[in-house]
Amino acid sequence: MTKATTRRFFFGGTIVFTAVFIAMTIHTHMTIAERTHADRLTEEVVRGLHVWGRYNCENCHTLLGEGAYYAPDLTQIVAQRGRPYLTAFMADPSKFYSEERDGRLMPTLGLSDPEIQEVISFLEWVGGIDTNGWPPRPILVSGAAPRGMPYVEGSLTSDDAVTRGKALFDGAAACATCHSRTQGLTQIGPTLAGIATTAADRLADPAYRGAAKTAEEYLRESILKPNAHVVTGGTYAAPDGTSLMPSTYDRTLEPDAVDDLVAYLATLQ
Amino acid sequence: MTYRSQRVAYAYFLAALVLFALQVCFGFLTLAKYLGPDPLRDVMNFATTKAVHTNLLLVWILTGFMGATYYMVPEESRTELWSERIAWGQLALWLAVGVITVVGYLFGWTTGRKFLEMPTVLKVGVVIVMVMFLVNIVQTIRRAGRFTTTEGVLVGGLAAVALLFIPAFIVFDNYTLDRFYRWWVVHLWVEGVWELVMGAILAFLLIRLSGADREVMEKWLYVIVGLTFLSGILGTGHHYYWIGTPRYWLWVGGVFSALEPLAFLGMAAYAYNTIRRSGLAHPNSIALHWTIGAAVLATIGAGLLGLAHTWPQVNRWTHGTHITTMHGHLAFFGAYSMIVLAIISYALPGLTGRDEAETQTSLGLWAFWLMTGGIFGMTMAMGAAGIGQTYLERILGFGYLEAQKKIQVHYVMWFATAIVFASGVGAYIWDFVRAGAPRSVPAAAPARDLRVPA
Ligand code: HEM
Ligand code: HEM
Ligand SMILES: [Fe+2]
Numbered sequence: 001m002t003k004a005t006t007r008r009f010f011f012g013g014t015i016v017f018t019a020v021f022i023a024m025t026i027h028t029h030m031t032i033a034e035r036t037h038a039d040r041l042t043e044e045v046v047r048g049l050h051v052w053g054r055y056n057c058e059n060c061h062t063l064l065g066e067g068a069y070y071a072p073d074l075t076q077i078v079a080q081r082g083r084p085y086l087t088a089f090m091a092d093p094s095k096f097y098s099e100e101r102d103g104r105l106m107p108t109l110g111l112s113d114p115e116i117q118e119v120i121s122f123l124e125w126v127g128g129i130d131t132n133g134w135p136p137r138p139i140l141v142s143g144a145a146p147r148g149m150p151y152v153e154g155s156l157t158s159d160d161a162v163t164r165g166k167a168l169f170d171g172a173a174a175c176a177t178c179h180s181r182t183q184g185l186t187q188i189g190p191t192l193a194g195i196a197t198t199a200a201d202r203l204a205d206p207a208y209r210g211a212a213k214t215a216e217e218y219l220r221e222s223i224l225k226p227n228a229h230v231v232t233g234g235t236y237a238a239p240d241g242t243s244l245m246p247s248t249y250d251r252t253l254e255p256d257a258v259d260d261l262v263a264y265l266a267t268l269q
Numbered sequence: 001m002t003y004r005s006q007r008v009a010y011a012y013f014l015a016a017l018v019l020f021a022l023q024v025c026f027g028f029l030t031l032a033k034y035l036g037p038d039p040l041r042d043v044m045n046f047a048t049t050k051a052v053h054t055n056l057l058l059v060w061i062l063t064g065f066m067g068a069t070y071y072m073v074p075e076e077s078r079t080e081l082w083s084e085r086i087a088w089g090q091l092a093l094w095l096a097v098g099v100i101t102v103v104g105y106l107f108g109w110t111t112g113r114k115f116l117e118m119p120t121v122l123k124v125g126v127v128i129v130m131v132m133f134l135v136n137i138v139q140t141i142r143r144a145g146r147f148t149t150t151e152g153v154l155v156g157g158l159a160a161v162a163l164l165f166i167p168a169f170i171v172f173d174n175y176t177l178d179r180f181y182r183w184w185v186v187h188l189w190v191e192g193v194w195e196l197v198m199g200a201i202l203a204f205l206l207i208r209l210s211g212a213d214r215e216v217m218e219k220w221l222y223v224i225v226g227l228t229f230l231s232g233i234l235g236t237g238h239h240y241y242w243i244g245t246p247r248y249w250l251w252v253g254g255v256f257s258a259l260e261p262l263a264f265l266g267m268a269a270y271a272y273n274t275i276r277r278s279g280l281a282h283p284n285s286i287a288l289h290w291t292i293g294a295a296v297l298a299t300i301g302a303g304l305l306g307l308a309h310t311w312p313q314v315n316r317w318t319h320g321t322h323i324t325t326m327h328g329h330l331a332f333f334g335a336y337s338m339i340v341l342a343i344i345s346y347a348l349p350g351l352t353g354r355d356e357a358e359t360q361t362s363l364g365l366w367a368f369w370l371m372t373g374g375i376f377g378m379t380m381a382m383g384a385a386g387i388g389q390t391y392l393e394r395i396l397g398f399g400y401l402e403a404q405k406k407i408q409v410h411y412v413m414w415f416a417t418a419i420v421f422a423s424g425v426g427a428y429i430w431d432f433v434r435a436g437a438p439r440s441v442p443a444a445a446p447a448r449d450l451r452v453p454a
């Protein structure tokens, strides 16, 4: 082998692979609009992307798994937490977290109200990108599993509604990031320890505003219409009284999934 | 030094080392925030210190590359630089841009795009610097009319570095496209054109340090950089698995990026063979340590630890965890920091008008072993943190914050080993300072006749 041969190898290889790369880039471009549902890419979302950049969110957080590792990945955060809670959180994270309890605290970055809405819209749009199935299992900010391992193989496809409901609660539906099942442990929402019993008490309470007649109906209503009756106390509601629980489950959860969740919650006596 | 204008290289090297020291300081500040409450949260939060840490890294490595070029090109082309004035002006502008960037971050002036956080105006400053640099180098070579392959790979690599900076200017509305082109800069730099620069410096050093045959070395240099592009260009696909790009990138990225370690293995084999043929007899043993060290640690940090998580079936679990931090540190240090430190150690005796044997202090060797040992320990600590995080958070489904609490001990280990590393950095800088200021010595007069007793 002579130097002329290896030089040809270098230049030849470089030219060929650059050409292939450019061709693949062009093809990739043609698929992006659909894969990222660019029709939902509104001006508000674009402004949100710039808020994301201006406040340097990416040097603490990852998004689509890229960024820094000091703070949780936010790819699915809007589906998991919902807009009302995120609005309250972004305005003042110290209402929900503390360095003593959680080890670290997101600084109050001083976003304006419109900026908060814009960045949430941006995150919501990112959550809908077709990522080839990443993350393979939900990444949660907090809560969840120390008490229950959500990913026992096959639990989501089990024949038993309660098993499926529990897997949803801990995993895909991410209820566990807001609700503990330990007496006295309040995360963002009230503990659901004994919720089957509490539900009956709620109905008996004269302050109850909703339409449910039975405990099971109350559970279903709590999931699908959080604002039908807002439990008082803690950090449960925004200043205007709207519940911080996502009000989108009527759209994002399949009816079967709601049945499973209710079946599971009904076992928490 | 053989040519008077090579003295500009000393100033570049000095600047690079000062920035390196600052980078390490900001590394500690950043890591400290992992360990406990952060009293500086509202003054200088994690995002700020981390961006300063990584940007200082890029700036000092590039400063080192520029210094290396200003040292190597006169030697290779056997001439003075075309314009020493441009070289000084370039350094001044480059440092001004660097300082404004870092101070700007402290005041929140950032675009927050990982590694490319610089505001656009400052990026224009970078382009001006690059143009000054390339013009000066190309003119030097043209005037001399002598052009070696090593030099060609070096200058070609640097020109491509400048060219690939262009995508950093484009603003995208679609986050997926924003990510797609961010990697044209970040990946195609470190796993593409920077490797050309590294390969050229390595070839230069091996030829000088071992007296190996230039024809043979340059023949293999083409093989190494050929392998780099053969694997690295389509290897960009290992960043296109999960960002909204089509599924075919999973296997294209997987297969080609799995070939990327070949180029690094090539460099290690290159170093090994030269040493085997010509021995380790060169008087500048410290430079030899750094040169061989770079070839070996790059192979481990970039090649082996890159390979460890590049396959999509693995990457889907480890993506965006401290596994990436671990690989990023050892790859950057092994490949690019060590090669810059190698050329500095090689050039220092000449630049300061000293005899090579005389600059071989035990402090210099300590610096090598403390940094190497330290980064090795840091890699272990980050690796343990990354495995813990992947398992607890990604596989078992613990909340992010709960998983972080459980891996605290690895941050403590990271901190402890970082102290070892930092003491090596201190030793290196002290050794550099002790070698004295640059002096040009007429080629005929041996350095030792002019020396003031130290
Ligand atoms: C005293 C030594 C050092 C300490 C304590 C340190 C600490 C850190 C910390 C805490 C981060 C942030 C990780 C995160 O995103 O969560 C980081 C990132 C980084 N550091 Fe260092 N560092 C040190 C030295 C170095 C050196 C010598 C290099 C390269 C030569 C380096 C290159 C990087 C890179 C490339 C990143 C970004 C990694 C990524 O995002 O995956 N650091 N460092
Ligand atoms: C000297 C060469 C290299 C350097 C300096 C380097 C550095 C880095 C850095 C800093 C990152 C984080 C980038 C970011 O998130 O913005 C990264 C990511 C990555 N690198 Fe490298 N790398 C090198 C070579 C390699 C090689 C040869 C491979 C594969 C064999 C590889 C595989 C990867 C993978 C798969 C990721 C993505 C990690 C994730 O999914 O989070 N790297 N590298
Ligand atoms: Fe890469």
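Same order as they appear, the protein sequences are chains D and W. Under my numbering, the first residue of the first sequence carries the number 1, and numbering increases by one thereafter. Under my numbering, the first residue of the second sequence carries the number 1, and numbering increases by one thereafter. For each residue, glycine too, the CB sits at the ideal point set by N, CA and C.
Asked	Found
DSSP beta-bridge partners of Thr-182 of chain D	Looking at the DSSP assignment, Thr-182 of chain D forms no beta bridge with any residue, so it has no partner.
Check: Tyr-70 of chain D C-beta below 7 Å from any heavy atom of ligand 1	yes
Span separating the alpha-carbon of Pro-146 of chain D from that of Phe-398 of chain W	Any reading at Pro-146 of chain D must be qualified, since the residue scores a pLDDT of 47, below 50, and its modelled position is unreliable; no value is offered.
Chain D within 8 Å of Ala-162 of chain W, Cβ atoms only	no
Short CB-CB distance (under 8 Å) between Asp-260 of chain D and chain W	no
Proximal residues, the region 149-181 of chain W versus chain D, C-beta separation under 8 Å	Thr-149, Asp-173, Asn-174, Tyr-175, Thr-176, Leu-177, Asp-178, Arg-179 and Phe-180
Cross-chain neighbours of Asp-130 of chain D in chain W, by beta carbon under 8 Å	Gly-244
Stretch pair the region 255-262 of chain W + the region 334-350 of chain W: three plus CB contacts closer than 8 Å	no
Secondary structure of Leu-268 of chain D, DSSP reduced to three states	coil
Where Phe-398 of chain W falls: helix, strand or coil (DSSP)	strand
Residues passing the C-beta test against ligand 3 heavy atoms, cut-off 5 Å	W:His-187 and W:Glu-191
Closer than 7 Å: His-53 of chain W CB and nearest ligand 5 heavy atom	In the structure shown, ligand 5 is absent; the only ligands present are ligand 1, ligand 2 and ligand 3.
Heavy atom of ligand 2 within 7 Å of Ser-142 of chain D beta-carbon	no
Thr-529 of chain W versus Met-118 of chain W: straight-line alpha-carbon distance, rounded	There is no way to answer for residue 529 of chain W, as the model of chain W reaches only from 1 to 454.
Cβ separation of Pro-74 of chain W and Gln-6 of chain W, assumed to be a contact under 8 Å, to the nearest whole Å	5 Å
Within 8 Å, strictly: CB atoms of Leu-297 of chain W and Met-326 of chain W	no
Check whether Leu-227 of chain W and Leu-188 of chain W have beta carbons under 8 Å apart	no
CB contact check: Gln-313 of chain W to chain D, cutoff 8 Å	no
Chain D contact for Ala-21 of chain W (CB, 8 Å cutoff)	no
Contact test: Gly-306 of chain W Cβ vs ligand 2 heavy atom, cutoff 7 Å	yes
Pick from D:Ile-22, D:Pro-255, D:Gln-269 and D:Ala-88 that is closest to Asp-201 of chain D, judged by C-alpha positions	D:Gln-269
Beta-carbon neighbours of Lys-3 of chain D, restricted to chain W and to distances below 8 Å	Thr-149, Glu-215, Glu-218, Lys-219 and Tyr-222
Alpha helix (DSSP H) segments (min. 4 residues) lying fully within the region 340-385 of chain W	none
Chain W contact for Asp-175 of chain D (CB, 8 Å cutoff)	Note on identity: in this sequence residue 175 of chain D is Cys, with Asp being the wrong assignment. No, Cys-175 of chain D does not count as interfacial toward chain W.
Cβ-heavy atom distance, Ala-418 of chain W to ligand 1, below 7 Å	yes
is_contact[Gly-104 of chain W, chain D] using C-beta, thresh 8 Å	no
Start-to-end residues for the alpha helix (DSSP H) that takes in Tyr-273 of chain W	A quick correction: the sequence has Asn, not Tyr, at residue 273 of chain W. Looking at the DSSP string, the run of the alpha helix (DSSP H) that includes Asn-273 of chain W is 261-278.
Lys-50 of chain W Cβ short of 7 Å to ligand 1 heavy atom set	yes
The region 15-48 of chain W: positions lying closer than 9 Å to chain D by Cβ	Thr-30, Lys-33, Tyr-34, Gly-36, Pro-37, Asp-38, Arg-41, Asp-42, Asn-45, Phe-46, Ala-47 and Thr-48
Residue(s) in a DSSP beta bridge with Gly-67 of chain D	D:Thr-62
Cβ-Cβ distance between Asp-73 of chain D and Gly-82 of chain D below 8 Å	no
Any non-hydrogen atom of ligand 2 closer than 7 Å to Phe-332 of chain W Cβ	yes
Asp-102 of chain D - containing alpha helix (DSSP H), residue span	99-102
Near ligand 1: Tyr-181 of chain W beta-carbon under 7 Å from a heavy atom	no
Leu-74 of chain D beta carbon near ligand 1 (any heavy atom closer than 7 Å)	no
Buried or exposed by the 16-neighbour rule on C-beta atoms within 10 Å, applied to Trp-88 of chain W	exposed
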